[in-house]
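Engineer: If you scroll down you'll find the structure; I have some questions about it.
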Amino acid sequence: MSLGHESLAEFLCWQTLSAATPLMLAGIGELVGELTGVIDIGIEGLMLIGCIVAYTAAAATGQAWMGLGAAAAAGMASAALFAGVVLWGRADQIVAGAALNLLALGLSATLWSLYQNHCANLGLSTHLPRGAGYDLVAVPGLSHLPFIGPVLFDQYTLFYATLLLAVGIWWVLRFTRLGLMIRALGESPETCVACGIPVRLGRFLAALFAGGCAGAAGAFLSIMRTKAFAFDMTGGQGFMVLALVIFGRWAIGPLVLGCLFFGALNSLQQILQTTRYTLADPWMHALRSVPFEFFQMLPYVAALAALALLSRRHPGPRALGQPWPQEVA
Amino acid sequence: MAAPQAWFLARRTGRGFDWIVTLAQAVAACALVLALVLTGLAVVGYSPVAIVTRWACGAAGGVYPLTSSMVEACPLLLTGLAAGLTFRAGVLNIGAQGQFLVGAVTAVGLTTRWLPAAAPLVAIPLAIAAGALAGGLWALLASVLERYRAVPVVLSTILLNFVALYLIRALLHGPLQAAGTAAPQSPLIPARDWLGVLIPLSSFHWGVPAAFLVAVGFWWFNTHTTWGFETFAGGLNPAAANLAGIPVRARQFLIMFLGGGCAGLAGVFQVLGVTHFMTASFGDYGYAGIAVALLGRLNPLGIALAAIFFGLLDVGSQRVQESTLALPQGVADVVKALVILFMLLLGAYLARRHLQVTSLPEAAPPASAGAAGPPGSGN
Amino acid sequence: MIGSNVERQMTQAAFRRHRREALLLAVAALIALVAAVRPARATFKVALICSGSFTDGGWNQQGRAAIVRVGRQLHLHVSAVEHVSPVRAVNVMRDYLMEHYNLVIGHGYEFLMPAAEIAAEGGSTKFAVCGADQAQPHIATLAFDLAGPSYQLGVLAALLTKSGKLGFIGGQAIPSVVACYRGFVAGARSINPRITVAQAYTSWDQPALSRSQAEAFIQQGIDVIYQNVDAASRGVFEAVRRADESRAGQQSPVYVFGSNRNQNNNTTCGAFTPASAVIHMGLAFRRLVRAVQRGNFKPGVVPENMADGVCVAVLNPRLEGTVITAAMQRAVAHAAERLRNGKIRLR
Amino acid sequence: MLEWFDISKRFGAVTALQGVSFSIAPGSVGGILGENGAGKSTLMNILFGLLHPDAGSLRVDGRVVLVRSPRAARRLGLGMVHQNFKLVDTLSVLENIALAVGRGPGLIPRRRLRRQVQHWTDQLGWRLDLAEPVGRLTVGQQQRVEIIKALCAGGRWLILDEPTAVLTPQETENLLDSLRALARQGMGVIFISHKLAEVRQICAQVLILRHGRTVYAGATAGLSVQAMAQKMIGRSLEPLTRAASGAGPSPQPRLELRAVCAGGGRRGGETLQRVNLSLQAGEIHGIAGVAGHGQDLLVRCLLGALRPTSGEVWLDPALGHWRHRVWPGACIPEDRRREGLIETLSVQSNLMLKDYRRRPFSVLGVCRFARWRQRATELVERFDIRCRDLSAPVGTLSGGNQQKVVLARELADTPPLILAVNPTRGLDVGATQFVLRQLLAARYAGAAILLIHSDLDELLSISDRVSVLYQGRLQATAWPAASRDDIGRLMLGV
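Right, dumping it as structure tokens:
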């Protein structure tokens with residue numbers, strides 16, 4: 163209606179897809195990394211680095227693609243640091259990931275305040291210039307389809323890219339030898355050695371891919387969806403990504419579904435918060451007396467409930483988090 | 223998720239705590255990081271000398287700064303224990319933050335609403351016990367979900383953190399809200415229920431030494447009791463431990479409860495000892511505790527040292543900020559992260575060098591049945 | 002772990018060899034450090050303590066900018082710290098107390114209790130807290146009451162809206178934000194008693210959340226949004242910009258109001274930001290510093306509202322005459338008049 | 027012709043191989059014999075490009091070649107079947123083959139591979155479900171996948187590392203037949219083993235290694251099994267005998283399974299169907315059977331990790347009462363690295379893993395480490411465990427010594443009830459003998475022992491009674507006098 167969405171359902175679907183894009187993108191990267199045996203709990207930090215780098219690069223150059231590219235590159239560079247420490251330095255992956263989170267939090271805050279000082283000294287605005295952010299792109303022709311058009315084909319470029327990436331990665335994992343290599347790396351590195359697949363290089367590349375995805379997801383948050391940077395603006399989304407990869411039992415379909423589910427829950431609670439005022443329904447009216455904190459809690463409680471109902475034990479990739487080559491002790 | 227139990231602990235399980243080595247590593251890592259960060263700051267235009275002096279004096283240059291640092295270290299130590307104890311038992315408890323908040327809010331509720339008229343001799347121990355109990359039960363929730371509904375603890379604790387956050391916000395906005403204000407905050411706890419201050423004109427309450435005693439207690443628990451042995455063995459290899467008759471699941475429940483209790487205790491000490499009231503934004507000691515635990519190598523004494531280190535860093539950086547240097551607060555986080563990374567690298571490097579030196583004689587096959595094959599022989 | 006024995010022996014040996022040197026070095030370093038601390042100068046010293054980030058584009062950034070400006074004008078020694086959680090506030094305030102600061106300002110409601118506690122410990126330092134709504138002994142509470150300006154915005158919103166639905170987004174339900182909501186509702190109801198005002202809370206530093214909340218508002222037909230979310234406000238602006246661009250004049254536009262800072266000239270959707278509720282913190286800080294300097298610092302709630310000129314509604318001059326019609330301007334001015342002379346009493 | 031000359035390899039101060047030469051012609055089967063640690067695996071890893079020799083050369087068809095990587099080895103036509111299969115459990119058979127055979131990251135040529143596999147399975151008369159995840163296959167089938175993998179990769183020289191260690195007699199026969207068939211087609215097969223009879227049976231040429239040196243290289247024809255054994259271990263092997271005397275089984279059962287049914291949930295898999303079994307003091311009751319026919323369930327039922335769906339487990343009340351989840355006796359688990367030991371924990375702690383909660387090793391929940399040390403020292407001496415010191419992580423010990431740690435912990439106090447699952451798996455001749463002797467000693471001390479074992483020869487050599495488990499049913503209880511072949515047939519259900 164007002165946003166160009168015919169119905170509430172259409173809006174909910176559109177917003178879910180839009181808001182879940184960074185989760186999906188970072189999730190796909192993390193999934194590939196974990197399939198090769200590298201668990202990077204620093205994904206939150208990588209996203210945050212993506213946010214700040216995308217914003218500053220885009221603002222400084224005035225080019226949106228520079229921001230996106232720089233974010234992906236920065237994500238990869240940070241992931242390379244992590245992977246180097248973990249794969250060649252043989253450090254514990256969890257500890258290194260936690261350190262990466264802390265590093266990113268401090269670094270992004272520092273960079274942002276330096277950037278603001280810099281702008282203040284030069285008398286510049288810290289706002290993102292008009293052309294430096296991405297806008298929604300309606301796919302010609304398709305965006306006029308009923309329901310599907312406004313939901314699926316009026317999104318950000320990175321959404322389309324993520325969708326393609328999801329399908330592509332699914333295809334790669336299912337039908338190509340590269341997919342076999344990825345899964346073998348995390349499941350049985352001994353087999354990879356016997357097959358002549360370089361274990362550490364493979365894992366390194368996967369970690370880089372994960373970093374690139376996370377960086378781009380950060381860019382999505384800062385220069386696409388909000389055109390802003392804020393301290394700690396990822397707000398725990400990286401941790402949700404980790405959870406969703408487990409939730410999806412290391413498979414791409416369930417992972418994407420999980421991201422959409424979580425995104426939908428958040429949209430739903432925000433819509434509920436609104437409709438309790440705007441709809442003249444006695445039930446909705448009764449909802450007004452519910453403290454808003456319970457609405458904010460809703461996605462997390464619902465996710466817990468879903469897990470409790472659906473969860474089944476899945477061990478995950480066998481070599482997940484283990485160093486290679488393994489030491490005797 | 224069965225995996226973490228094996229992979230998480232596999233590499234940090236030396237005999238006892240080689241504390242001299244670790245300490246040397248820590249010192250070396252700190253020196254390296256300091257050099258790195260100061261160079262970076264100098265490049266950006268800050269004066270390294272001024273920062274270092276200010277930092278060091280602010281964190282440890284006298285009785286008062288030292289007490290500040292210790293007060294800051296207290297919750298870090300307890301939440302670090304919450305993470306460290308459970309990690310050591312093979313349970314990936316990321317939920318110290320939620321447990322911390324739940325503990326704090328319980329203590330506040332007890333002292334301001336539910337038994338405000340009780341004598342302090344009753345109220346304080348009761349608040350401490352109830353806060354720790356609440357934290358422990360909140361942690362147990364994750365264990366129960368894993369036991370009966372197969373929800374991985376990593377996952378449920380992450381989610382429960384958010385649930386706890388909004389829950390305490392709702393409480394502070396509702397039943398626990400102070401009268402006469404729109405602020406989401408509790409009333410002030412009556413002064414007689416505060417933890418006594420040991421050093422006048424500071425916040426050095428007796429919870430701080432108590433926290434260190436708790437750490438020592440858990441060190442003793444880990445190293446000298448059968449339950450400590452059982453949790454460790456169960457964390458390293460649950461299958462083997464189960465087969466040997468160790469009730470792994472029960473010990474995990476126990477340690478989760480104790481860990482959650484520690485985090486809850488951190489919350490209680492913060493409200494009763496430092497802030498004396500509670501607001502909707504109540505610090506993120508729970509998350510910081512994870513880093514502390516990892517830096518302290520999951521050993522309670524190591525965690526105590528790591529907590530002191532973090533406390534010194536935080537208070538020092540605060541003092542740098544308070545001066546006119548206007549150093550962004552983020553720098554402290556960068557320093558912490560780099561120290562952890564460098565320690566990891568140094569530790570791994572040393573371990574590898576000594577592995578090469580010492581592992582070969584081991585592999586020499588004596589003329590006995592079943593001698594080891596040479597390394598890499600795949601036997 | 003295999004090597005730890007050897008490792009331990011090696012390190013122990015190294016320790017034994019260099020123990021004395023290391024000790025001496027440490028002592029020397031400590032002495033040098035202590036000597037390097039400069040003695041405090043005898044200027045007027047003022048400190049500002051913030052719980053959020055100086056880069057939040059709102060409350061905290063504004064507070065710091067204001068105190069720095071006042072400091073420059075009055076030649077003060079200014080210190081400002083960010084990311085101080087209320088847990089740590091007691092320590093920080095005591096630091097300032099011990100360094101004999103003349104004035105310490107806690108920039109947020111959460112500093113009221115800690116300030117009261119520290120102030121009770123004595124010392125010459127004066128304490129003030131912004132954004133709280135209660136009095137505490139020894140403390141000056143700068144209420145920064147945006148209820149009045151919000152009332153004016155409510156009047157304007159009720160006149161602007163075509164759908165009869167307004168929305169309010171706050172970062173957290175804290176006194177300064179709740180006051181905004183109450184004022185806004187009262188103002189809107191004064192024009193149209195049946196008007197709907199939806200309220201929702203998101204977060205101070207997650208623009209993405211604020212954006213999706215604003216989208217949910219707009220989807221429900223809300224066409225005037227009043228936000229008080231600081232760093233996250235740009236998410237709201239982005240949602241409004243997108244809504245207005247897609248409407249492209251075919252439907253009635255969506256408007257957004259700024260708060261705390263004058264956000265009328267934001268580059269994202271400035272053309273759809275008719276007004277902001279602004280706090281001139283500098284004014285209040287300057288008055289406060291003057292009071293302390295002159296020795297007539299008075300504890301208690303300082304209303305700091307429209308009457309003082311600290312909290313005002315600022316209309317967007319670029320939209321006056323077009324979006325904001327003369328009738329609307331008159332209505333807003335009338336509301337201001339009645340607020341100022343006490344005809345309307347909020348809260 | 028595949029030849030190697032004067033191969034030497036050292037690891038630091040340790041000589042793994044010293045001037046080893048051998049050759050094998052296409053169309054023949056050559057054997058390599060040696061104990062664990064004799065250098066067999068090192069030699070194979072060198073052939074396969076995983077290790078590089080310090081000296082010596084390798085010639086394929088008269089050309090001197092350098093094998094830098096497994097990939098290069100494969101290009102030369104060397105196909106390896108490792109003892110620990112190099113298979114990814116979660117991938118299907120076809121995917122595993124594609125992973126090993128294919129090149130580059132591109133599409134999996136499913137049709138071509140299927141044709142290739144079909145070709146070889148037809149030749150060998152095997153059947154393989156290509157879509158089945160490898161983790162669900164039996165060990166014998168997994169081995170076939172490994173062999174097919176090597177053949178599909180164009181292997182002309184097939185190297186098999188201890189291929190029969192986990193197979194039943196019939197499966198072993200099948201394998202040996204298949205290998206002969208392959209040799210007839212012109213493949214060269216290298217058969218690495220320490221099972222002398224098999225080597226004698228199939229190999230024309232044999233290379234016997236001891237401590238990295240060649241002891242014998244030449245034809246098998248003139249060599250008796252005893253001579254081979256002597257060359258291999260450097261001394262003659264005492265035959266393992268059961269003393270005629272001894273307590274012998276008492277009629278009173280210690281443990282009984284009464285019509286126990288288990289398993290067979292939603293996902294199918296193994297089941298146990300009305301298993302009746304009794305175990306008496308002073309006997310070793312052997313359970314033979316191909317892996318995957320219910321052994322796992324049986325073990326889990328006994329250990330209490332699994333509640334039987336029907337039937338009951340009865341235990342002699344004198345041994346304490348049967349509680350869910352607690353096995354009152356000793357247990358030597360199949361996978362000692364996963365279930366028997368905690369690898370990163372010290373030898374001492376592993377030795378104390380069961381006794382720690384007893385007095386005097388702990389009092390009121392407080393450990394008394396001096397007592398632990400005392401006890402561990404005693405056990406290390408008694409069971410001849412070779413370790414650097416008591417605080418060495420048990421993972422650094424050799425396989426045989428690791429198993430001794432398990433035995434020492436479980437058998438030290440003559441437990442009344444012992445459950446042993448494949449206790450000699452992965453051990454060499456000497457260590458195997460040690461384990462079997464310990465079990466016999468326990469039997470004479472009056473223990474009731476349930477031995478679930480896949481090596482039929484060893485099982486028959488020490489059991490008093492043998493039952494066969496086939497598709498979840500306990501077939502028949504035979505006395506060891508029954509012929510080996512009969513039991514083998516029962517194991518295959520024919």
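Protein chains in written order, with the numbering used here: chain A, 163 to 491; chain B, 223 to 601; chain C, 2 to 348; chain D, 27 to 520.
C-beta: ideal position from N, C-alpha, C; glycine also.
1) Cα separation between A:R252 and B:L567?
2) For the alpha helix (DSSP H) containing D:L341, list its first residue and its last residue.
3) Under 7 Å Cβ-Cβ, which residues of chain C neighbour B:V419?
4) Label B:V438 either buried or exposed according to how many other C-beta atoms from any shown protein chain fall within 10 Å of its C-beta, with 16 as the threshold for buried.
5) Given that a residue counts as buried once 16 or more other Cβ atoms are within 10 Å of its Cβ, and exposed if not, what is C:N297?
6) Say whether chain C places a C-beta atom closer than 8 Å to the C-beta of A:H280.
7) Please classify B:C296: does DSSP put it in a helix, a strand, or coil?
8) Per DSSP, which residues does D:C287 bridge with? Please list them.
9) Decide if D:M27 is buried, meaning its Cβ has at least 16 other Cβ atoms within 10 Å, or exposed.
10) Which chain D residues are close to A:C358, counting only those with a beta carbon under 7 Å from its beta carbon?
11) Based on the DSSP secondary-structure assignment, which residues constitute the bridge partners of D:D115?
12) Grab me the residues of C:R70's own chain with a C-beta within less than 6 Å of its C-beta, minus the 5 sequence neighbours each way, in chain order.
13) Quick check: the segment 230-240 of chain D against the segment 53-64 of chain D, are at least 3 beta-carbon pairs closer than 8 Å?
14) Quick check on the burial criterion: 16 or more other C-beta atoms within 10 angstroms. Buried or exposed for D:Q400?
15) Does the segment 150-161 of chain C touch the segment 203-217 of chain C, meaning 3 or more C-beta pairs lie closer than 8 Å?
16) Please state whether DSSP places A:H306 in a helix, a strand or coil.
17) Can you give the beta carbon distance from A:F155 to C:S86, rounded, assuming they're within the 8 Å contact cut?
18) In whole angstroms, give me the CA-to-CA distance for D:L486 and D:T503.
19) On the CB-based measure, 16 or more other CB atoms within 10 Å of its CB, does D:G53 come out buried or exposed?
20) What residues in its chain sit with their C-beta under 6 Å from that of C:L161, if we drop five residues either side in the sequence?
21) In chain C, what lies closer than 7 Å to B:F384 by C-beta?
22) C:K127 and C:L77 - do their beta-carbons sit closer together than 8 Å?
23) Assuming D:L186 and D:I228 make a contact with CB atoms under 8 Å, what is their CB distance in whole Å?
24) Can you give me the C-alpha to C-alpha distance between A:C450 and A:R438, rounded to a whole angstrom?
25) What residue from D:A317, D:G289, D:A307 and D:G366 has the CA that sits closest to D:T335's CA?
26) Which residues mark the beginning and the end of the alpha helix (DSSP H) in which D:T41 is found?
27) On the criterion of 16 or more Cβ atoms from any shown chain inside 10 Å, does B:D536 qualify as buried, or is it exposed?
28) Report buried or exposed for A:I493, applying the criterion of at least 16 other Cβ atoms within 10 angstroms of its Cβ.
29) How should B:V271 be labelled, buried or exposed, when 16 other C-beta atoms within 10 angstroms of its C-beta is the threshold for buried?
30) Mind listing the chain D neighbours of A:E352? Cutoff is C-beta to C-beta under 8 Å, in chain order.
31) So, at 6 Å on beta carbons, what are the nonlocal neighbours of C:V302 in its own chain, with the 5 sequence-adjacent residues on each side left out?
32) What is the DSSP secondary structure of B:G481, counted as helix, strand or coil?
33) Taking D:Q365 as the query, report the chain B residues whose CB atoms sit under 7 Å from its CB, ordered along the chain.
Structural biologist: Looking at the coordinates:
1) Within the first sequence, residue 252 of chain A is the residue found at index 90, counting from 1. Within the second sequence, residue 567 of chain B is the residue found at index 345, counting from 1. Rounded to whole angstroms, the separation of the alpha carbons of B:L567 and A:R252 is 8 Å.
2) Walking along the fourth sequence from the start, residue 341 of chain D turns up at place 315. Careful: D:L341 lies outside any alpha helix (DSSP H), inside the beta strand (DSSP E) at S336 to L341.
3) Indexing the second sequence from 1 puts residue 419 of chain B at position 197. Within chain C, no residue comes near B:V419; the closest Cβ sits about 11 Å away, beyond 7 Å.
4) For the purposes of this step, residue 438 of chain B is identified with residue 216 of the second sequence, where counting begins at 1. That one is exposed.
5) As a first step, residue 297 of chain C is located in the third sequence; it is residue number 296 there, counting from the start. When all chains shown are included, C:N297 counts as exposed.
6) If you number the first sequence from 1, residue 280 of chain A lands on position 118. False, the Cβ-Cβ gap to chain C never drops below 8 Å.
7) Residue 296 of chain B sits at position 74 when you count from the first residue of the second sequence. It is helical.
8) If you number the fourth sequence from 1, residue 287 of chain D lands on position 261. D:C287 pairs with D:S336.
9) Reading the fourth sequence from its first residue, position 1 is the one you call residue 27 of chain D. Classification for D:M27: exposed.
10) The residue labelled residue 358 of chain A in the question sits at position 196 within the first sequence. The question names Cys, yet the displayed sequence has Gly at residue 358 of chain A. Here the neighbours are S95, P96 and R97.
11) For the purposes of this step, residue 115 of chain D is identified with residue 89 of the fourth sequence, where counting begins at 1. DSSP, once it has assigned bridges, lists no residue as partnering D:D115.
12) Indexing the third sequence from 1 puts residue 70 of chain C at position 69. Cβ neighbours of C:R70 beyond the five flanking positions: G283.
13) Touching, yes.
14) Along the fourth sequence, one-based indexing puts residue 400 of chain D at 374. With fewer than 16 other Cβ atoms from the protein chains shown falling within 10 Å of its own Cβ, D:Q400 counts as exposed.
15) Contact fails: fewer than three Cβ-Cβ distances are below 8 Å.
16) Taking the first sequence and counting its residues from 1, one reaches residue 306 of chain A at position 144. Here A:H306 sits in helix by DSSP.
17) Coverage of chain A is limited to positions 163 through 491, which leaves residue 155 of chain A absent and any answer about it impossible.
18) Here residue 486 of chain D refers to the residue found at position 460 of the fourth sequence. Here residue 503 of chain D refers to the residue found at position 477 of the fourth sequence. Going by the C-alpha atoms only, they are around 12 Å apart.
19) Residue numbering aside, residue 53 of chain D sits at position 27 when the fourth sequence is read from its first letter. Taking every protein chain shown into account, the CB of D:G53 has fewer than 16 other CB atoms within 10 angstroms, so this residue is exposed.
20) In the third sequence, residue 161 of chain C corresponds to position 160, counting from 1. Shown here for C:L161: same chain residues with a beta carbon closer than 6 Å to its own, the five before and five after excluded, namely V225 and Y256 in chain order.
21) Translated into positions along the second sequence, residue 384 of chain B becomes position 162. Simply none; closest approach about 12 Å.
22) Within the third sequence, numbered from 1, the residue matching residue 77 of chain C stands at position 76. Within the third sequence, numbered from 1, the residue matching residue 127 of chain C stands at position 126. Annotated as distal: C:L77 and C:K127, with beta-carbon spacing of 8 Å or more.
23) Translated into positions along the fourth sequence, residue 186 of chain D becomes position 160. Translated into positions along the fourth sequence, residue 228 of chain D becomes position 202. Between D:I228 and D:L186 the Cβ distance is about 10 Å, and since that is not below 8 Å, they are no contact.
24) For the purposes of this step, residue 450 of chain A is taken as the residue at position 288 of the first sequence. For the purposes of this step, residue 438 of chain A is taken as the residue at position 276 of the first sequence. A small correction: the amino acid at residue 450 of chain A is Arg; Cys does not occupy that position in the sequence shown. Their backbone Cα atoms lie some 6 Å apart in a straight line.
25) The residue given as residue 335 of chain D occupies position 309 in the fourth sequence. Ranking the options by Cα distance to D:T335, first place goes to D:G289.
26) Your numbering for residue 41 of chain D matches position 15 in the fourth sequence. First-last for D:T41: V40 to I50, but that is the beta strand (DSSP E), not the alpha helix (DSSP H).
27) Locating residue 536 of chain B in the second sequence gives position 314, counting from the first residue. By the neighbour-count rule (16 or more Cβ atoms within 10 Å), B:D536 is buried.
28) No information on residue 493 of chain A is available, as it lies outside the stretch 163 to 491 that chain A covers here.
29) The residue labelled residue 271 of chain B in the question sits at position 49 within the second sequence. Under this definition B:V271 is an exposed residue.
30) Taking the first sequence and counting its residues from 1, the one referred to as residue 352 of chain A is at position 190. N110 and K112, listed in chain order.
31) Numbered from its first residue, the third sequence carries residue 302 of chain C at position 301. Hits under 6 Å: A136, T142 and A144.
32) For this step, residue 481 of chain B is matched to residue 259 along the second sequence. Of the three classes helix, strand and coil, the one that applies to B:G481 here is helix, per DSSP.
33) Taking the fourth sequence and counting its residues from 1, one reaches residue 365 of chain D at position 339. It is worth fixing the name first, because residue 365 of chain D is Glu in this sequence and not Gln. Listed along chain B, the residues sitting closer than 7 Å to D:E365 by beta-carbon distance are A461, A462 and L465.
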